[in-house]
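Take a look at the structure set out below.
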Amino acid sequence: SNRKIKCDKLVVQLSPNPFKEKRMDIEEEKRMDREEEKRIDIEEEKGIEKGKEEEEKKKVVVIFGIGSRGDLQPLVAVGLELKKRGWEVRVATEERNKSLIEDTFSLIFLKITGDSAGIIFEPEFQEMLAKGTLMPMMQETDKRKQAIWPEVSQDYIAASEGADLILSGALALTESYCVAEKRGVPWAPILFGPTYPTREFPLFFVTETSLFGWLNLQTYNFVFWALWLQEKDRINKWRAEALSLPPMPDGMIKVIQQKQLLNIGAFDPLMCPGEKVPQDYPSYFRVFGSAFVPDESDKQLEPKLEDFLQEGPPPLYLGFGSMPSANPQEFLDMATLVCKTLNCRAVIVAGWSGLGESTENNCNKNILVVKQAPHHLLLHRCQTIVHHCGAGTCAAALRSGRPQICVPVLLDQPHNANHMHNLGVAPPPIPRKELKLEVLIARLKSIGEKMEGRAKELGERVILDGTEKACDAILQLVEE
1 SNRKIKCDKL VVQLSPNPFK EKRMDIEEEK RMDREEEKRI DIEEEKGIEK
51 GKEEEEKKKV VVIFGIGSRG DLQPLVAVGL ELKKRGWEVR VATEERNKSL
101 IEDTFSLIFL KITGDSAGII FEPEFQEMLA KGTLMPMMQE TDKRKQAIWP
151 EVSQDYIAAS EGADLILSGA LALTESYCVA EKRGVPWAPI LFGPTYPTRE
201 FPLFFVTETS LFGWLNLQTY NFVFWALWLQ EKDRINKWRA EALSLPPMPD
251 GMIKVIQQKQ LLNIGAFDPL MCPGEKVPQD YPSYFRVFGS AFVPDESDKQ
301 LEPKLEDFLQ EGPPPLYLGF GSMPSANPQE FLDMATLVCK TLNCRAVIVA
351 GWSGLGESTE NNCNKNILVV KQAPHHLLLH RCQTIVHHCG AGTCAAALRS
401 GRPQICVPVL LDQPHNANHM HNLGVAPPPI PRKELKLEVL IARLKSIGEK
451 MEGRAKELGE RVILDGTEKA CDAILQLVEE
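Residue numbers (full-length UniProt numbering): 1 to 480.
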């Protein structure tokens, strides 16, 4: 029996203790969990460091653009394409455009002092616009620029810091080129129309009547010379004192020609007289087609606009972009009478016209007022496009394949309006100061099947991948 007890004791001693084993299992699980957490933390840290390295490796493009939304949107289109290709995109522009850059397109905003677009709201400048006097307008804008030049010049220097590439719109050419030269980085201008010197047609700011070759060429030389005279002293003083660069003896057009710098023509060949690029353009001036913001940036219209479009036949599109209206209510009354007379509907895209969306409370059911709307989602669903003929709107209107009524205000708009008429997609233009109810109704009635067919034909010819091709050329410039 003692043996049995011993044996029993031995058995008891050797029997597994379930509670102890359970504790051991729990401890082991905890230890393994701690090791797994540690491993995950290490991986996350590595991922973060890798992300930081990749972020640090991102090349930076700074795009300088001055003016209204129309002056900026093609530049933004190029920026969005470069962002898609891995670049960090910074847009240097005026405070008025900050929301457009940051909120609408999610790009980085850098401030340039001033409000060049704000001048068009002032009565004195509007009087100049009405008279169409180019030189006084140039002198007035230059005078205002000089008043804030110390701040503006510093902003250009600050905005260019860290850039691997600098791009520029037409209104920032000289300043952006100078800081690119100082930084030693590639630079390219992006132009929205056929404004490079050619013998085939004159610069439209001077005349729209084609002269013989040599005189056509001189119209460009005259305007570029006049622009350089205005800024020469200021620019060369800045180059010497702030940038430690030698003086520029001539303006930007001479620099471009002598150095054969790449120019991006962000416009469709349809916008050239003769519907083709001039044969005497040099190889470094490359026309790729209009720079459209990618369609995916706006996937759908706002609900009230979509509902309005679906509730009835295609409406008129009435929009004047960044052009202010001296009497917004008068314009609204005219639209109401047009709809009543022609038994049609209208979408008014207010832009900077002064019409608020609250205005729709005073409208009948046939008119809808919205602040803004993506052209590529709206214009092709409209009956006729009544617009101010800014370069960007012209490109979008051509793309839509719909006929147009052109109501130009200033600068390139009268030329663009005449060009739309010459293309056969619009009746004769109505200068904004001559816009009257009976004239607008007569123009709308004059649109027939022939014009609608021509608009559709040209809409199918518009180049849609111009932005991608422009970016290919820009990146080749960087690689060189």
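For glycine and all other residues, C-beta sits at the position ideal for the given N, C-alpha and C.
Given the structure is predicted, the values throughout are model-derived calculations rather than measurements.
| Check | Outcome |
| --- | --- |
| Distance between beta carbons of I441 and L342, contact taken as under 8 angstroms | 7 angstroms |
| Counterpart residues of V61 in DSSP-defined beta bridges | V89 and L165 |
| Through-space distance from A291 to N263, alpha-carbon basis | 14 angstroms |
| C-beta atoms of I157 and A242 nearer than 8 angstroms | yes |
| Beta-bridge pairing of P328 - partner residues as DSSP gives them | BP columns for P328 are empty, so no partner. |
| Where the alpha helix (DSSP H) containing N418 begins and where it ends | Q413 to L423 |
| Nearest-angstrom Cβ-Cβ length linking L72 and L100, presumed shorter than 8 angstroms | 7 angstroms |
| Given I367 as reference, the closest of M334, G70, W214 and E449 once Cα atoms are compared | M334 |
| DSSP-derived helix/strand/coil call for V293 | coil |
| Run of the beta strand (DSSP E) containing L368, from where it starts to where it stops | I367 to V370 |
| Candidates T207, V91 and L318, of which the one nearest N418 by Cα | T207 |
| contact_flag[the stretch 423-432, the stretch 406-415] where n(CB pairs < 8 angstroms) is 3 or more | yes |
| Cross-strand partners of Y281 (DSSP beta bridge) | Paired residues: none, contrary to the question. |
| Simplified DSSP state of V287, which is helix, strand or coil | strand |
| Segment limits, alpha helix (DSSP H) that includes G274 | Note, G274: premise wrong, no alpha helix (DSSP H); not H, not E. |
| Host alpha helix (DSSP H) of G79 (start-end) | R69 to K84 |
| Rounded C-alpha distance that separates C344 from E302 | 22 angstroms |
| Under 8 angstroms between C-beta atoms of P403 and A346 | no |
| CA-to-CA distance, A170 to M248, given in whole angstroms | 18 angstroms |
| Cβ contact check for the stretch 375-386 and the stretch 299-316: 3 or more pairs under 8 angstroms | yes |
| Residue range of the unbroken beta strand (DSSP E) whose run includes S453 | Residue identity check: residue 453 is Gly in the sequence provided, not Ser. Where G453 is concerned, there is no enclosing beta strand (DSSP E), although the alpha helix (DSSP H) it sits in stretches over E449 to R461. |
| Member of C339, D295, G289 and Q300 whose CA lies at the smallest distance from the CA of P313 | C339 |
| Bounding residues of the alpha helix (DSSP H) (the contiguous stretch that carries A226) | G213 to E241 |
| Straight-line gap, R234 to E175 (C-alpha atoms, nearest Å) | 11 angstroms |
| Under the three-state DSSP convention, the category V206 falls into | coil |
| Cut-off 7 angstroms between Cβ atoms - residues of its own chain near K111, not counting five sequence neighbours on either side | E95 and D155 |
| Reduced DSSP secondary structure (H/G/I, E/B, other) of A404 | Reading off the sequence shown, one finds Gln at residue 404, where the question assumed Ala. Three-state DSSP puts Q404 in a strand. |
| Same chain, Cβ closer than 8 angstroms to residue 528, five either side skipped, listed in chain order | The structure shown does not extend to residue 528, since the chain spans only 1 to 480, so no value can be given for it. |
| Residue span of the alpha helix (DSSP H) that contains T174, given as start and end | L173 to R183 |
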